[in-house]
Amino acid sequence: MKQTLFKTRILNLTQLDLNQTLPSEEYQVCMKDLKNQIRDLTFLAKAKDRPILIVFEGWDAAGKGGAIRRLTSEIDPRLFEVHNISAPNGDEILHHYLWRFWNRIPKKGHIGIFDRSYYGRVLVERVEGFATDVEWSRAYEEIFLFEEQLQSFGTIIIKFWLHISSDEQLARFEMRKNDPLKRWKLTEEDWRNRDKWHLYEDAANEMFQKTDSPKAPWHLVPANDKYFARVMVLDAVKKRLEEELR
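Residue 0 is where the sequence shown starts when you use numbering that gives the first Met the number 0, and the numbers rise one by one after that.
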């Protein structure tokens with residue numbers, strides 16, 4: 000893949016070029032190489048007792064699950080765990096919102112992957128009114144300190160937002176609705192959230208600005224083309240692990 004695609008990190012969704020694509024042949028070559036390198040790097044992280052935390056956020060139907068499956072396909076299954084984060088349950092509601100994430104952070108040498116994360120506090124909880132203005136405004140500093148403590152423990156943090164256009168999301172929703180094997184993925188809440196697209200976009204852009212840091216960077220991934228998005232995710236993981244481990 001052309002290295003120029005990964006040189007500049009963008010922290011505003013409106014500035015992403017969603018027209019970037021990757022041919023199938025190049026995709027296959029890139030994925031094989033990246034998977035092998037990431038597998039070796041995770042063994043190196045294990046040897047060095049370095050925990051790895053990878054956070055996935057993004058629009059519904061943006062391809063988070065597909066990216067996670069490709070990322071983990073060659074990693075030793077004993078070394079990673081994927082946490083699919085949904086609304087907090089009764090016991091979790093009784094604790095501070097970060098409590099359930101503290102209980103899921105990876106131990107030394109292991110990898111924790113969050114499909115949705117503690118950033119829900121400043122995204123869905125903010126937009127839907129599940130958190131007060133004071134609560135979600137305070138969360139930026141709480142999250143920053145949370146990640147700072149993980150870093151002091153040696154944790155390598157990598158954060159992704161998979162971005163698609165509203166039109167692309169609608170097309171994927173329609174495909175899911177018409178596919179009996181994928182229809183279960185589509186909910187009424189998914190349709191309702193489309194009406195608040197700009198509110199979520201504003202919340203996400205503010206989140207990037209306030210929680211990006213050199214040791215816990217955000218990677219905004221153009222994901223209209225799934226091949227391009229998956230390779231960009233794996234490439235970013237590989238480069239981040241190389242920086243930290245070598």
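The beta-carbon is built from N, C-alpha and C at its ideal position, and this holds for glycine as well.
Nothing here was measured: the structure is a model prediction, and the numbers come from that model.
Legend entry - Trp217, buried or exposed, once every other Cβ within 10 Å from all chains shown has been counted against 16: Position 218 of the sequence shown, counting from 1, holds the residue named residue 217. Classification for Trp217: buried.
Inset, instruction - Can you say whether Ser165 is buried or exposed, counting buried as having 16 or more other CB atoms within 10 angstroms of its CB? - result: Here residue 165 corresponds to residue number 166 of the sequence shown, with the count starting at 1. Within a 10 Å sphere around the beta-carbon of Ser165 sit fewer than 16 other beta-carbons, which makes this residue exposed.
Inset, instruction - Taking 8 Å as the cut-off, decide whether the C-beta atoms of Ile84 and Asp114 are in contact. - result: Numbered from its first residue, the sequence shown carries residue 84 at position 85. Numbered from its first residue, the sequence shown carries residue 114 at position 115. Yes.
Inset, instruction - Report yes or no: do the stretch 113-131 and the stretch 36-54 share at least 3 C-beta pairs separated by less than 8 Å? - result: Verdict: yes, contact present.
Inset, instruction - Kindly indicate which residue of Leu161, His162 and Glu147 has the alpha-carbon position closest to the one of Ile155. - result: In the sequence shown, the residue the question calls residue 155 occupies position 156. Out of Leu161, His162 and Glu147, Glu147 has the C-alpha closest to the C-alpha of Ile155.
Inset, instruction - Counting only the same chain and skipping the five closest in sequence on each side, list residues whose C-beta sits under 6 Å from that of Arg171. - result: Within the sequence shown, numbered from 1, the residue matching residue 171 stands at position 172. Same-chain partners within the cutoff: Ala60.
Legend entry - Residue nearest to Lys181 in terms of C-alpha spacing, selected from Met231, Glu73 and Gly64: Against the sequence shown, residue 181 aligns to sequence position 182. Checked all of Met231, Glu73 and Gly64; the closest Cα to Lys181 is Gly64.
Legend entry - Ala86, buried or exposed, once every other Cβ within 10 Å from all chains shown has been counted against 16: Within the sequence shown, the letter at position 87 stands for residue 86. The residue is exposed, with fewer than 16 neighbouring Cβ atoms inside 10 Å.
Legend entry - Coil, strand or helix - Glu146 by DSSP: On the sequence shown, position 147 is the one that residue 146 refers to. Three-state DSSP puts Glu146 in a helix.
Inset, instruction - Compute the Euclidean distance between the alpha carbons of Asn18 and Phe227, then round it to the nearest angstrom. - result: Counting from 1 along the sequence shown, the entry for residue 18 is found at position 19. Counting from 1 along the sequence shown, the entry for residue 227 is found at position 228. Computed Cα separation, rounded: 10 Å.
Inset, instruction - State buried or exposed for Gln14, treating a residue as buried only when at least 16 other CB atoms are found within 10 Å of its CB. - result: Reading the sequence shown from its first residue, position 15 is the one you call residue 14. With fewer than 16 Cβ atoms within 10 Å of its Cβ, Gln14 is classed as exposed.
Legend entry - DSSP-derived helix/strand/coil call for Asp234: The sequence position of residue 234 within the sequence shown is 235, counting from 1. It is helical.
Inset, instruction - Note down the Cα distance separating Arg193 from Ala46, rounded to an integer number of angstroms. - result: To locate residue 193, count along the sequence shown from 1; it is residue 194. To locate residue 46, count along the sequence shown from 1; it is residue 47. Approximately 44 Å between the Cα atoms of the pair.
Legend entry - First through last residue of the beta strand (DSSP E) which encompasses Gly57: Looking up residue 57 in the sequence shown gives position 58. Segment Ile51 to Gly57, the beta strand (DSSP E) holding Gly57.
Inset, instruction - State yes or no: is the C-beta of Trp160 within less than 8 Å of the C-beta of Val220? - result: Here residue 160 refers to the residue found at position 161 when the sequence shown is read from its first residue. Here residue 220 refers to the residue found at position 221 when the sequence shown is read from its first residue. Inclusion of Trp160 and Val220 in the CB contact set at 8 Å is warranted, their separation being smaller than that value.
Legend entry - Secondary structure of Glu140, DSSP reduced to three states: The residue labelled residue 140 in the question sits at position 141 within the sequence shown. Here Glu140 carries a helix assignment [DSSP, helix/strand/coil].
Legend entry - Alpha-carbon spacing of Pro50 relative to Val236, whole angstroms: Locating residue 50 in the sequence shown gives position 51, counting from the first residue. Locating residue 236 in the sequence shown gives position 237, counting from the first residue. If I take the Cα positions, the gap works out to 14 Å.
Inset, instruction - Quick one: give me the first and last residue of the alpha helix (DSSP H) that Trp183 is part of. - result: Your numbering for residue 183 matches position 184 in the sequence shown. From DSSP, Trp183 is part of no alpha helix (DSSP H); its letter is neither H nor E.
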